[in-house]
Amino acid sequence: MLQTDMLKSFIKADTEIIDNKHSGNYISNLNFDVQQITRLLSEAYLSIFKDGLTLIGLLFVMFFQNWKLSLIAIIMIPLATITAKILGKRMGKVTTQAQEKSGDLNRYLIDLFKNHKIIKIFQRENFEKSRSEKFVNDLKEKSAKIATVYIRSAPIMEILTGILIASLIFYSGKLIISGELAINNFFSFLAAMMLAYQPVKTLTKVNVAISQGFAAAERILPIIDTQNEINSNEQGDKLNIIDGNIVLDKINFTYKSNPENKVLHDMSLKFVGGKMTALVGHSGSGKSTLLNMIPRIYLPTSGNIYFDNQDISKVNLASLRNQISIVDQNTTLFDDTVLNNIKYARPDADKEDIIEAAKLSMSDEFINNLENGYETMIGENGVKLSGGEKQRLSIARAFLKNSKIILLDEATSSLDSETEEKIQKALNKLTTNKTTIVIAHRLSTILNSDNIYVVDNGKIVDSGKHDDLLNNSKIYKNFYQRQLKQN
Ligand SMILES: Nc1ncnc2c1ncn2[C@@H]1O[C@H](COP(=O)(O)OP(=O)(O)OP(=O)(O)O)[C@@H](O)[C@H]1O
Ligand SMILES: [Mg+2]
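Going by the numbering used here, the residue at position 329 of the sequence shown is 317; the numbering climbs one at a time, nothing skipped.
As structure tokens, then:
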């Protein structure tokens, strides 16, 4: 249930929170830490209950036999507690270190999977081998340290009990000689004390499990309790789109992870309903960031966005996102069938709708050539598909969703002219009469647009049609000459 809680909070977390998290560490939190906490809850509590009761019973017997001797024996308990405390503290520290190393190893493994081709091309196999050894050894070392801390504590306990037993026997001898203690009482006492030794020892160990469990909880709870900033406005009014006009009013934005770099400066733009507007500008100028403001993936630091005069920060978030489709720069797919990947855009769609969307996006032909057609598994993030095929699947999703607003972040990678043409055709069909905002890299897209905004360093520097801009905007002309002429 802890794992479910973690996953739930992860799924609803703001993109900005997820951006700053490492998948490897997160996996380690989910496995390693949850295991520690489970141990705390099951073993530790059971043992406190069982051994605690046994100990109380035995103490009772001891006092009944001879209270003086019992008092001496009880000195052992605070001593044991102190040792347990010190041990627990150290244990908490080393388990945290072990958890970090386990996170590093996961992180590295994910990198290996993702970059295996790069490793081969740059022939860095040996480098990676020695790196992998280091990651594994670091983790081993920390795990071994847990054992060391554990073992080291044992002799201290043994010595303490040894001294205690010796002094008890010595003192008992004196009591027996002076006639204060009968032999049979002494043996009953001794038996009870010997029996009490085991529960005390177990309880000391439990303290270690408790410390490890609490250290793990300290790492996990902040993850579960992370507060999202993006308010889903469940009670808010539903967005009502009539013309599909979008207005951005003085939008400023800075990524929290990089407060020095203000990405968007006072941007004010208007996107006319049912028309296509292009954003152009150099790499890193802030185009994708700006696009992400519209479905509220990121929140502007200041400024407002209106859809047909409705402030999107006030409307119901689900109703807002329901009206928007994104065809991203990098198509992202799930390791599932082709069918389910398209269906993701509208879970209640039936097979005819899906095939229709595939046809409109010109995906149908390549899908039918796959080994199992629509039921083909496409591999992690679509490794079994080509770049152009992935793009067409992502367009198919947008057709299926059939929303009134289309956000298009054109892929920078150029495809062969035949595929390019297919994608262009599919996009033209998709965007007809929809409010379309496209981050354009292709000249054909730009020529198709009803209006163009030129973005430079997070500011709107010019706007207009291609021909006007070519004559009036130095930045656009420069951009056109450098980038667009190439294709
Ligand atoms: N998640 C992020 N966290 C921190 N900084 C980011 C993040 N994403 C982008 N940036 C920074 O914001 C700036 C704008 O990036 P953005 O992705 O919006 O550029 P772009 O105009 O879309 O570029 P491109 O044409 O290459 O896609 C860049 O300086 C980038 O380094
Ligand atoms: Mg971009």
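Ideal Cβ placement from N, Cα and C applies to all residues, glycine included.
Worksheet entry | With 16 other Cβ atoms within 10 Å as the buried cut-off, status of TYR33 | exposed
Worksheet item: Which first and last residues belong to the alpha helix (DSSP H) in which PHE322 is found?
Response: No alpha helix (DSSP H) holds PHE322; DSSP gives it neither H nor E.
Worksheet item: Exposed or buried, what is GLN111 when buried is set at 16 or more other beta-carbons lying within 10 Å of its beta-carbon?
Response: exposed
Worksheet item: By the 10 Å Cβ neighbour count, where 16 or more other Cβ atoms means buried, how is ARG470 classified, buried or exposed?
Response: exposed
Practice prompt. Compare the beta carbon distance of GLN298 and GLN24 with 8 angstroms and say whether it is the shorter of the two.
Written response: no
Worksheet entry | Any 3 or more C-beta pairs closer than 8 angstroms across the region 190 to 205 and the region 175 to 182 | no
Item to complete: Note down, in chain order, each residue of its chain lying with its Cβ closer than 8 angstroms to the Cβ of PHE467, except the 5 sequence neighbours on either side.
Response: VAL268, GLY269, HIS270 and VAL442
Discussion item. Could you give the first and the last residue of the continuous beta strand (DSSP E) run that contains THR424?
Written reply: 423 to 427
Discussion item. Given 7 angstroms as the limit, tell me if ILE427 has its C-beta closer than that to any heavy atom belonging to ligand 2.
Written reply: yes
Worksheet item: Cα separation between LEU41 and PHE177?
Response: 18 angstroms
Worksheet item: Taking THR325 as the reference, which of VAL194, GLN379 and GLU368 has the closest Cα?
Response: GLU368
Worksheet item: Taking all protein chains shown into account, do 16 or more other C-beta atoms lie within 10 angstroms of the C-beta of PRO288, making it buried, or fewer, making it exposed?
Response: buried
Worksheet entry | Stretch pair the region 56 to 75 + the region 210 to 221: three plus CB contacts closer than 8 angstroms | no
Practice prompt. Decide yes or no for the touch test of the region 312 to 321 against the region 231 to 246: beta carbon pairs closer than 8 angstroms, at least 3 of them.
Written response: no
Item to complete: Identify every run of the beta strand (DSSP E) within the region 249 to 329, keeping only runs that are complete inside it and at least 3 residues long; order them along the chain.
Response: 250 to 259, 264 to 268, 290 to 295 and 312 to 315
Worksheet item: CA-CA distance, ILE62 and ARG78?
Response: 25 angstroms
Fill in: Paired residues, beta bridge with VAL124 - DSSP
Looking at the DSSP assignment, VAL124 forms no beta bridge with any residue, so it has no partner.
Worksheet item: Would you report the Cα separation of PHE(-2) and TYR14, rounded to the nearest angstrom?
Response: 10 angstroms
Item to complete: Measure the Cβ-Cβ separation of ARG309 and LEU388 and say whether it is below 8 angstroms.
Response: no
Item to complete: Work out the CA separation of LEU127 and SER141 for me, nearest whole Å.
Response: 22 angstroms
Item to complete: State buried or exposed for HIS104, treating a residue as buried only when at least 16 other CB atoms are found within 10 Å of its CB.
Response: exposed
Worksheet item: Cβ of GLN23 versus every heavy atom of ligand 3: is any distance shorter than 7 angstroms?
Response: Among the ligands present in this structure, namely ligand 1 and ligand 2, ligand 3 is not found.
Discussion item. Measuring straight from C-alpha to C-alpha, what distance separates LYS331 and THR136?
Written reply: 53 angstroms
Item to complete: Taking only runs that begin and end inside the region 330 to 406, name each unbroken beta strand (DSSP E) of 3 or more residues, in chain order.
Response: 393 to 397
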